[in-house]
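**Student:** Line by line, the protein sequences are chains A and B.
FYI, the numbering for the first sequence is -7 to 183, going by this note's numbering.
FYI, the numbering for the second sequence is 7 to 356, going by this note's numbering.
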Amino acid sequence: MAAVTRAPTALESSDAAVIERSWREPECFADLFDRYYGQVHRFAARRLGGSLADDVTAETFLVAFARRQQFDISRPDARPWLFGIASNMVARHHRAEIRRYRMLSRAGLAEVSEGHADQVVARLDARALRGPLAAALAGISEADRDVLLLVAWAELTSEEAGAALGIPAGTARSRLHRARKKIQAALAQAR
Amino acid sequence: MDDLTTLREAWEPVDPPAPGRQTAARMALLQAASAELPIRELPLAGQPPARGGWRRGTGYGALIAGAAAAAVTAVVLVAFHPAGAGSRPAARHAGTPAARLLAKIATAAAAQPAARVRDSEFEYIKSYAISTSDVIKGGHEKAALRKDRRQVWQSVSDTCRTGLLIDNGSRTPLSPYPVSATGKIDKSSPGIICGKGNLSSPTYRMLQSLPASPRILLNRIMAAEGAGHGGKAIDKNSVAFGAIGDLLREQIVPPRVSAALYRAAGLIPGVTLLTDQPTATGQRGIAVGREIMSGGQKYMHEWIFSKSTLQYIGERDFNVRTGAVNTASAILRRSFVSHAGQYPPASNHS
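1) Rounded to a whole number of angstroms, what is the C-alpha to C-alpha distance between A121(B) and S341(B)?
2) Please confirm if the region 330 to 346 of chain B is in contact with the region 122 to 137 of chain B, defined as three or more CB-CB distances below 8 angstroms between the two stretches.
3) Mind checking Q160(B): buried by the 16 CB within 10 Å criterion, or exposed?
4) Looking at chain A, which residues of the region 204 to 217 of chain B have a Cβ within less than 7 angstroms of any of its Cβ atoms?
5) How about the region 158 to 169 of chain A and the region 84 to 97 of chain A: do they share at least three Cβ pairs that are nearer than 8 angstroms?
6) Do V48(A) and A36(A) have their CB atoms nearer than 8 angstroms?
7) Leaving out five residues on either side along the sequence, give the residues of the same chain with a beta carbon under 6 angstroms from the beta carbon of R13(A).
8) Name the chain B residues whose beta carbon is nearer than 8 angstroms to that of I136(A)?
9) Using a cut-off of 8 angstroms between C-beta atoms, extract the partners of M81(A) located in chain B.
10) Does the region 108 to 121 of chain B come close enough to the region 258 to 274 of chain B that 3 or more CB-CB pairs lie under 8 angstroms?
11) To the nearest angstrom, how far is it from the Cα of G272(B) to the Cα of A105(B)?
12) I'd like the list of long-range same chain contacts for A76(B), defined as Cβ closer than 8 angstroms, with 5 residues on each side in sequence excluded.
13) Please list, in chain order, the chain A residues whose beta carbon lies closer than 8 angstroms to that of E231(B).
14) So what's R296(B) in DSSP terms, helix, strand or just coil?
15) Select from A130(A), A50(A), D117(A) the residue whose C-alpha is nearest the C-alpha of M81(A).
16) Output, in chain order, the set of chain A residues within a Cβ distance shorter than 9 angstroms of G347(B).
17) Going by DSSP in three states, N332(B) sits in which element: helix, strand or coil?
18) When DSSP builds the beta bridges, which residues end up paired with K153(B)?
19) Taking C-beta pairs closer than 9 angstroms, name the residues in chain A that Q257(B) reaches, listed in chain order.
20) Along the beta strand (DSSP E) that carries P103(B), what are the first and last residues, could you check?
21) Could you check how far apart the C-beta atoms of L205(B) and I227(B) are, in whole angstroms? I think they sit under 8 angstroms.
22) Our contact map puts L10(B) next to V143(A) with C-beta atoms below 8 angstroms; I'd like the distance itself, whole angstroms only.
23) Could you please give me the residues that DSSP links to I172(B) through a beta bridge?
24) At a CB distance below 8 angstroms, what residues from the region 30 to 43 of chain A approach chain B? Give them in sequence order.
25) Step through the CB atoms of chain A and report whether any lies within less than 8 angstroms of the CB of I298(B).
26) R61(B) CB to nearest chain A CB: under 8 angstroms?
27) Please confirm if Q111(A) has its CB atom under 8 angstroms from at least one CB of chain B.
28) Report the residues of the region 12 to 33 of chain B with a CB closer than 8 angstroms to any CB of chain A, ordered along the chain.
29) With a Cβ-Cβ cutoff of 8 angstroms, do D241(B) and K173(A) count as a contact?
30) From E231(B), S163(B), P23(B), pick the residue whose C-alpha is nearest to that of S344(B); which is it?
31) Quick one: which chain A residues come within Cβ less than 8 angstroms of R156(B)?
32) Could you pull out every residue in the same chain whose Cβ sits closer than 6 angstroms to the Cβ of F247(B), ignoring the five residues on either side in sequence?
33) Could you tell me the alpha carbon to alpha carbon distance between A199(A) and P184(B), rounded to whole angstroms?
34) Nearest-angstrom Cα distance between T52(A) and G175(B)?
35) In chain B, which residues lie less than 8 angstroms from D23(A) when you measure between Cβ atoms?
36) By DSSP's criteria, Q61(A) is part of a beta bridge. Which residues make up the other side?
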């Protein structure tokens, strides 16, 4: 089965239309799975690693399916809704997420000093910055990190991230601003 | 490459699903579809479940961050592109008109009667907010206007007590724990810390415990926001102003603490006075604001107060160059109630 992980084109039904159809024809919800499984899995895998991401992604779609009657069909894009559920599922593994960032921060430093030494001299590529970025992520409050990663990794706007998390848009913007300052500080120190 | 792009690309390549897991997940979904599991909503407020809306994310803590001095006020949003984004700043330096106004606001806040609140109670905040986005994603601009009619109930004492969000009619239980498909709250999850909360996820009780000294309070906020990030690259003044704004947004703040927060804001350099600014509902008030840089753009974030009562009535955040408003809100009601989902009496405005 090849997963399709993209937003619908103009010729396809909107997410809202798919979900509305699934109210009467439940199996239609698989269309949403095909559109977004890959995106949700990548989001979860960045935060938790591949193994836990498998579980979290599967659970996200089951929860979304069970709660599809509550989806606001006036909003055509289901991604904020899906990623809000995914964030809720990721929260169950909060400790594992922090352990992962700490592990990556140590591994990342080794990479910078050894395997990518030439790039350190020239210009550190994004991968080589993963260590300091992971260290920064481990130190950002959970609330701020949720918004940051919905924007950076799920590619939501801050307003969509706020909607996904049930927080006011102003709070989402403020949290994103705070978290980015810390990420920028980590990057400035690393460079 | 900006920081968000770097953050995204630093995690490439991403672990793919283990072989067979995607197929298994799809089959599980189709099995659920064929079985059509019954959905049970959480019994909240004895009202019929409304359709629509978003799921809540990581939790109660993540949900709130706002607080405000005291009572009530209404707001509603008006112009989304206010020409020039309002009046000119009346002061460019801290300690001048903005600080004097904040001192008056603090005095007014401190004069509010402190509510007698039981640990079992919830605070209820009704607000109206609009937001838009000037971020370009996936090759197209996300410029759609979003309107949120929010009603939030949150425990005054314990971040783990289940609250409620009604956003545009959609009901969502608020809990730091994962909420299952059936609405069951899984309290077995590790790593969830219950209690009074913290500066980024406060309860009323937590706010009551904050120091009344503006300088000590400001230092604590700056330390909390800057801890572990080594610093110099972080604009602590900007972050502190934003953090105080979060505490004023969607919460009830004890009078003594709200006074301290306003005086603390008066200590932050760069806070300016703006004399006539609209909230999300168009009510005009007097405001203090501070410019922040974000994503290479300069924004003004301002808190708006009633000209007559000096109570917080809303906020806005706009692009200084274009005048486009990103977010604006209006506080319509704040009150304590006995349980999540309960509405305050119509005549109760405290």
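Beta carbons are placed, not taken as given, at the ideal position from N, Cα and C, and that holds for glycine.
Keep in mind that this is a model prediction, so the values were computed, not measured.
**Tutor:** With the structure as the only source:
1) Within the second sequence, residue 121(B) is the residue found at index 115, counting from 1. Within the second sequence, residue 341(B) is the residue found at index 335, counting from 1. Going by the C-alpha atoms only, they are around 10 angstroms apart.
2) Segments in contact, yes.
3) Start at 1 with the first residue of the second sequence, and residue 160(B) comes out as number 154. A residue is called buried when at least 16 other Cβ atoms come within 10 angstroms of its Cβ; Q160(B) meets this threshold and is buried.
4) Flagged, chain order: S206, S207.
5) As far as the Cβ criterion goes, the region 158 to 169 of chain A does not touch the region 84 to 97 of chain A, which means the pair count is below three.
6) Counted from its first residue, the first sequence places residue 48(A) at position 56. Counted from its first residue, the first sequence places residue 36(A) at position 44. Yes, they are a contact pair.
7) The residue you call residue 13(A) lines up with position 21 of the first sequence. Around R13(A): C20.
8) For the purposes of this step, residue 136(A) is taken as the residue at position 144 of the first sequence. Per the sequence shown, residue 136(A) should be read as Asp rather than Ile. Going along chain B in sequence order, the residues near D136(A) (Cβ under 8 angstroms) are S206.
9) If you number the first sequence from 1, residue 81(A) lands on position 89. P184, listed in chain order.
10) Using a C-beta cut-off of 8 angstroms, the region 258 to 274 of chain B makes contact with the region 108 to 121 of chain B, since at least three inter-stretch Cβ pairs fall below that distance.
11) Start at 1 with the first residue of the second sequence, and residue 272(B) comes out as number 266. Start at 1 with the first residue of the second sequence, and residue 105(B) comes out as number 99. Within the model, the alpha-carbon separation for G272(B) versus A105(B) is close to 4 angstroms.
12) By one-based count along the second sequence, residue 76(B) stands at place 70. In this prediction, A76(B) scores a pLDDT of 29, lower than 50, which makes its location untrustworthy; no coordinate-derived value is stated.
13) Reading the second sequence from its first residue, position 225 is the one you call residue 231(B). Correct list: R170.
14) Taking the first residue of the second sequence as 1, we reach residue 296(B) at position 290. Strand at R296(B).
15) For the purposes of this step, residue 81(A) is taken as residue 89 along the first sequence, with counting starting at 1. When each option's Cα is compared against that of M81(A), the closest is A50(A).
16) Position 341 of the second sequence holds residue 347(B). One finds nothing in chain A with a Cβ atom closer than 9 angstroms to the Cβ of G347(B); even the nearest lies about 15 angstroms away.
17) Locating residue 332(B) in the second sequence gives position 326, counting from the first residue. Per DSSP, reduced to three states, the secondary structure at N332(B) is strand.
18) Counted from its first residue, the second sequence places residue 153(B) at position 147. Paired residue(s): I136(B).
19) Mapped onto the second sequence, residue 257(B) falls at position 251. Those within 9 angstroms of Q257(B) in chain A number zero; the least Cβ separation is about 10 angstroms.
20) Numbered from its first residue, the second sequence carries residue 103(B) at position 97. Looking at the DSSP string, P103(B) is not in any beta strand (DSSP E); the run it does join, the alpha helix (DSSP H), is 103 to 116.
21) Stepping through the second sequence from its first residue, residue 205(B) is reached at position 199. Stepping through the second sequence from its first residue, residue 227(B) is reached at position 221. With a contact defined as Cβ atoms closer than 8 angstroms, L205(B) and I227(B) qualify at about 6 angstroms.
22) By 1-based counting over the second sequence, the position of residue 10(B) is 4. By 1-based counting over the first sequence, the position of residue 143(A) is 151. Rounded, the Cβ-Cβ distance is 6 angstroms, consistent with contact.
23) Here residue 172(B) corresponds to residue number 166 of the second sequence, with the count starting at 1. DSSP lists Q157(B), R177(B) as partners of I172(B).
24) Cβ contacts with chain B come from H33, R34, A37, R38, G41, G42, S43.
25) Against the second sequence, residue 298(B) aligns to sequence position 292. So yes, I298(B) belongs to the interface.
26) In the second sequence, residue 61(B) corresponds to position 55, counting from 1. Annotation note: pLDDT 30 at R61(B) (below 50); position unreliable, coordinate value reported separately. By this cut-off, R61(B) is an interface position.
27) Here residue 111(A) corresponds to residue number 119 of the first sequence, with the count starting at 1. Legend: pLDDT at Q111(A) = 43, less than 50; position of this residue unreliable, no value from coordinates given.
28) Sequence-ordered contacts of the region 12 to 33 of chain B with chain A read T12, L13, R14, E15, A16, W17, E18, V20, D21, P22, P23, A24, R27, Q28, T29, A30, A31, R32 [C-beta pairs closer than 8 angstroms].
29) Taking the first residue of the second sequence as 1, we reach residue 241(B) at position 235. Taking the first residue of the first sequence as 1, we reach residue 173(A) at position 181. Contact flag set, yes.
30) As a first step, residue 344(B) is located in the second sequence; it is residue number 338 there, counting from the start. Checking every option, the nearest Cα to that of S344(B) belongs to S163(B).
31) As a first step, residue 156(B) is located in the second sequence; it is residue number 150 there, counting from the start. Neighbours of R156(B) on chain A, chain order: P160.
32) By 1-based counting over the second sequence, the position of residue 247(B) is 241. Contacts found: I274, R296.
33) The requested residue 199(A) is not part of the displayed model; chain A covers only -7 to 183.
34) Translated into positions along the first sequence, residue 52(A) becomes position 60. Translated into positions along the second sequence, residue 175(B) becomes position 169. Distance between the alpha carbons of T52(A) and G175(B) is about 23 angstroms.
35) By one-based count along the first sequence, residue 23(A) stands at place 31. Neighbourhood of D23(A) in chain B, by CB distance below 8 angstroms: empty, with the nearest CB roughly 11 angstroms away.
36) Taking the first sequence and counting its residues from 1, one reaches residue 61(A) at position 69. Answer by DSSP bridge pairing: none, since Q61(A) is not bridged.
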